[in-house]
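So the structure is just underneath, and the comments pick up after that.
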Amino acid sequence: MHPTSLDIPSYLSVLPLFHEMRPAELGRIAESAVLRRCERGDEIFRVGEVCDGFHVVMGGQVKLYALSPSGHEKVIEIISPGNSFAEALMFTGKPYIVNAQSLCDSLILTVKKQAVMDEIAHDTRFALRMLAGISRRLHGLVQDVESAALHSGIQRVIGYLLRDQCLEDVVPGQTTTVSLPVSKATIASLLSLTPEYFSRVLRELEDGGFITIDRRDIRILDVQGLSRYHLQ
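Heads up: the sequence shown runs through residues 204 to 435, numbered per the numbering used here.
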């Protein structure tokens, strides 16, 4: 679908941040927004550039990452369709402190800061919804930091594989398949692991009979068993 044929107000209306807004308000946001089609590897922004809005992934995937002085990359977050990023930084008036890159062909909507400020002045509930979204992201990032600091490498990998499972509802012998959304190297960086260690953990879990691996599809043969192994 060509970007110009998209009904941006309708798309925005289903996002948590915008779903309580009236059509006129959505129309004003859409009018100020800039739609950008990115190819795999395109940089959406870099450290030091001016942040004058926030972004919504309408299609594809985006990684937020930092580079060490030696050039080592650390993935901070992977943004999937329907999610936004850079909201908090937009309010600080400071430049970007991380980089953002498209992991595949993506469609990115940028909402300008002035449009956001106008809507906040018009309805303070918009600010509360945006604050709730920022708080959820902060909570998730804090959990990631705690996991990296307090859990072993194998616990981090298992935690990642089980992240969408409600373990209280799992029955004995239940299986499930996890499709890795990005490359193993990217996920390894997200978990603060080397790609070699990440692959070694997957092989250990496969040798132990917990999972089978078919490229990016990982079938968990016993969710409960893998969860118990996680706690060892």
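Idealized CB from N, CA, C, for every residue including glycine.
- Ranked by Cα distance from R422, the first of T379, A236 and R431 is T379.
- The Cβ atoms of V265 and I247 lie closer than 8 Å to each other.
- With a beta-carbon spacing of about 6 Å, F413 and Y432 fall inside the 8 Å limit used to define contacts.
- Relative to the Cα of S283, the nearest Cα in the group V426, V404 and P384 belongs to P384.
- Contact between L267 and E276 fails: their C-beta atoms lie close to 11 Å from each other, not under 8 Å.
- Sequence-distant partners of T397 (beyond 5 residues in either direction) whose C-beta falls short of 7 Å from its own C-beta, in its chain, are A391.
- In the same chain as L215, and ignoring 5 residues on each side of it, the C-beta atoms closer than 7 Å to its own belong to F221, L229, I232 and A233, in chain order.
- With a threshold of 16 other beta carbon atoms within 10 Å, A227 falls short and is exposed.
- Fewer than three pairs of CB atoms, one per stretch, sit closer than 8 Å, so the stretch 323-332 makes no contact with the stretch 250-257.
- Shortest Cα-Cα distance from F257 to any of V360, A318, Q368 and R339 involves A318.
- Bridge partners of Q304 according to DSSP: E246 and K266.
- Within the model, the alpha-carbon separation for N286 versus I323 is close to 20 Å.
- Around I337, the same chain offers E290 and A291 as residues with beta carbons nearer than 6 Å, after the five sequence neighbours per side are excluded.
- Counting along the chain, R359 sits inside the alpha helix (DSSP H) bounded by residues G356 to L364.
- For R359, the number of other beta carbons within 10 angstroms of its own is at least 16, and it is reported as buried.
- Cβ-Cβ separation between L365 and L429: approximately 7 Å, consistent with a contact (criterion under 8 Å).
- By the beta-carbon neighbour count (other beta carbons within 10 angstroms, threshold 16), V345 is exposed.
- A distance below 8 Å between beta-carbons, with the five flanking residues on each side excluded, links L306 to the following residues of its chain, in chain order: R243, G263, Q264, V265, K266, I281, V385 and T389.
- Taken through DSSP and simplified to helix, strand or coil, D420 comes out as strand.
- The shortest CA-to-CA distance from D326 to any of M224, I211 and S213 is the one to M224.
- The shortest C-alpha to C-alpha distance from V373 to any of R328, D425 and V381 is the one to D425.
- K315 sits in a strand when the DSSP states are folded into three classes.
- Boundaries of the beta strand (DSSP E) around S382: T379 to S382.
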